[in-house]
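First the structure, in the form of structure tokens, and then the observations on it.
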Amino acid sequence: MRERVSLDFSGYLLQAVPDVYPVLLTLGSWRLYAYDAMLVAAFLAAIELGNRRCRQRGLPMPVVYRGEILLFLSGYFGSQLLELGMAWRGGYPGWLGDVLVGSDAKAFYSGFLAAFATCWLYCLVMGLPFPMCAAIAAPSIALGQAIGRLGCLLAGCCYGGPSTLPWAVAFPLTAPDSLARHPTQLYEAGLCLLLFAVLTWYYAREFRPTGGVIALYSYGYGFSRFGLELLRDDPRGPVFFGMFSVSQVIALVVISLALPAHLWLLWRRRAP
Numbered sequence: 000m001r002e003r004v005s006l007d008f009s010g011y012l013l014q015a016v017p018d019v020y021p022v023l024l025t026l027g028s029w030r031l032y033a034y035d036a037m038l039v040a041a042f043l044a045a046i047e048l049g050n051r052r053c054r055q056r057g058l059p060m061p062v063v064y065r066g067e068i069l070l071f072l073s074g075y076f077g078s079q080l081l082e083l084g085m086a087w088r089g090g091y092p093g094w095l096g097d098v099l100v101g102s103d104a105k106a107f108y109s110g111f112l113a114a115f116a117t118c119w120l121y122c123l124v125m126g127l128p129f130p131m132c133a134a135i136a137a138p139s140i141a142l143g144q145a146i147g148r149l150g151c152l153l154a155g156c157c158y159g160g161p162s163t164l165p166w167a168v169a170f171p172l173t174a175p176d177s178l179a180r181h182p183t184q185l186y187e188a189g190l191c192l193l194l195f196a197v198l199t200w201y202y203a204r205e206f207r208p209t210g211g212v213i214a215l216y217s218y219g220y221g222f223s224r225f226g227l228e229l230l231r232d233d234p235r236g237p238v239f240f241g242m243f244s245v246s247q248v249i250a251l252v253v254i255s256l257a258l259p260a261h262l263w264l265l266w267r268r269r270a271p
């Protein structure tokens with residue numbers, strides 16, 4: 000029997016939306032989670048877009064296909080490291096098993112950094128141009144994130160704080176109360192779609208410097224994530240300096256590296 004999450008819509012815009020299910024299918028003890036299904040859909044959409052551009056650039060597709068498998072695995076298991084690392088520090092005895100067999104706890108930034116490092120190392124070993132591969136991957140990542148955040152909505156995670164806005168949503172099975180809240184999952188999905196559009200436009204521009212696309216993605220998403228964290232009200236893990244979540248600290252570090260790097264790349268390209 001499927002587990003149902005009944006969303007209590009406080010306003011009028013979304014009243015007609017039906018109930019959603021965090022578990023789509025159950026076969027014995029095995030469950031197909033809506034989040035994981037959307038994660039696979041996000042990956043397939045991202046690689047389809049990326050493969051088209053790889054072919055246009057003349058990259059060897061068998062090498063690309065093997066790299067995509069490694070990126071998926073490193074991103075999937077890497078996305079659990081941040082959450083499970085905090086569980087390990089808290090004395091949770093099953094954290095290592097969750098890393099090996101999969102866990103519901105996933106964090107985008109640790110998955111992104113793991114996939115980024117894997118991509119760099121794979122390009123180095125296989126002789127692929129990393130700046131080109133990163134530029135191809137950046138719009139695909141943003142598109143995948145937009146789709147993946149819909150999985151967060153179905154799972155009832157990553158919810159926002161209480162809100163009286165007409166599109167506020169309650170998550171009674173995952174939040175500590177039945178208050179209507181900001182659907183921050185949808186906010187991020189919309190911001191990632193906007194970022195995808197900007198990156199797609201920038202990718203096609205002749206004036207863009209090498210490395211500019213991935214830099215724009217890095218600080219563009221960093222600003223978006225930092226702001227969204229202010230609205231989120233799900234368990235955020237440790238708080239730094241009494242105000243910043245782990246994701247906000249990572250976002251600040253990424254912004255401080257990517258934004259100056261992009262400005263320097265633009266200056267170097269235009270310098271006589």
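At position 259 of the sequence shown the residue is numbered 258 (numbering that gives the first Met the number 0), and the sequence of numbers has no breaks. Even for Gly, the Cβ is constructed at its ideal location relative to N, Cα and C.
Nearer than 8 angstroms: is that true of the beta carbon of V62 relative to any heavy atom of the ligand SAH?
The ligand SAH is not part of this structure, which contains no ligands at all.
So, helix, strand or coil for R56, using DSSP?
If DSSP states are grouped into helix, strand and coil, R56 belongs with coil.
Give the DSSP-derived three-state secondary structure of P175 in the structure shown.
Annotated three-state conformation of P175 is coil, per DSSP.
Exposed or buried, which one is R204 when buried takes at least 16 other CB atoms within 10 Å?
Per the 10 Å Cβ criterion, exposed.
If we count Cβ pairs, one from each stretch, closer than 8 angstroms, do we get three or more for the stretch 210–227 versus the stretch 244–258?
Segments in contact, yes.
Alpha-carbon to alpha-carbon, V248 and P237
Spanning the two alpha carbons is a distance of roughly 11 angstroms.
Based on DSSP bridge pairs, tell me the residues matched to W29.
W29 pairs with L26.
From T183, A188, F115, L172, residue whose alpha carbon lies closest to that of I146:
When only C-alpha atoms are compared, the closest one is A188.
In the stretch 233–267, which residue ranges form an unbroken beta strand (DSSP E) of at least 3 residues, counting only runs that do not cross its ends?
Fully enclosed beta strand (DSSP E) runs of 3 or longer: not present.
Check each candidate in Q144, A113, A134 and name the one with the smallest Cα separation from F76.
Of the candidates Q144, A113, A134, the one whose C-alpha sits nearest the C-alpha of F76 is A113.
I140 burial status per 10 Å Cβ neighbour count (16 or more: buried)
With 16 or more other Cβ atoms within 10 Å, it is buried.
Whole angstroms is fine: what's the gap from R54's alpha carbon to P138's?
Using only the alpha carbons, I get a separation of about 16 angstroms.
With distances taken between CB atoms, is the gap from L127 to V62 smaller than 9 angstroms?
Less than 9 angstroms divides the Cβ of L127 from the Cβ of V62.
Identify the residues that DSSP records as bridge partners of G150: which are they?
In the DSSP output, where bridge partners are listed per residue, G150 has none listed.
Can you grab the Cα-Cα spacing for the pair G160 / R56, in whole Å?
Going by C-alpha positions, G160 is about 44 angstroms away from R56.
Where P138 falls: helix, strand or coil (DSSP):
The answer is helix: DSSP assigns P138 an H, G or I state.
Option in F71, R30, L198 with minimal Cα separation from L215
Closest by alpha carbon: L198.
Is the beta carbon of R180 closer than 9 angstroms to that of A167?
Less than 9 angstroms separates the beta-carbon of A167 from that of R180.
Bridge partners for R180 per DSSP, in chain order?
Checking the DSSP bridge columns, you'll see R180 partnered with P161, V168.
On a Cα-Cα basis, can you pick out the residue from T209, Q79, L23, P171 that is closest to W263?
Considering only T209, Q79, L23, P171, the residue with the shortest C-alpha distance to W263 is T209.
Reducing DSSP to helix, strand and coil, say where R207 ends up.
When secondary structure is reduced to three states using DSSP, R207 falls in the coil class, being assigned neither helix nor strand.
When you compare only the Cα positions, how much space is there between R65 and T25?
A direct Cα-Cα distance of roughly 31 angstroms separates R65 from T25.
Rounded C-alpha distance that separates E67 from G143
A straight line joining the alpha-carbon of E67 with that of G143 spans about 14 angstroms.
Buried or exposed by the 16-neighbour rule on C-beta atoms within 10 Å, applied to A196
It counts as exposed.
Distance, F107 Cα to R235 Cα
Going by the C-alpha atoms only, they are around 13 angstroms apart.
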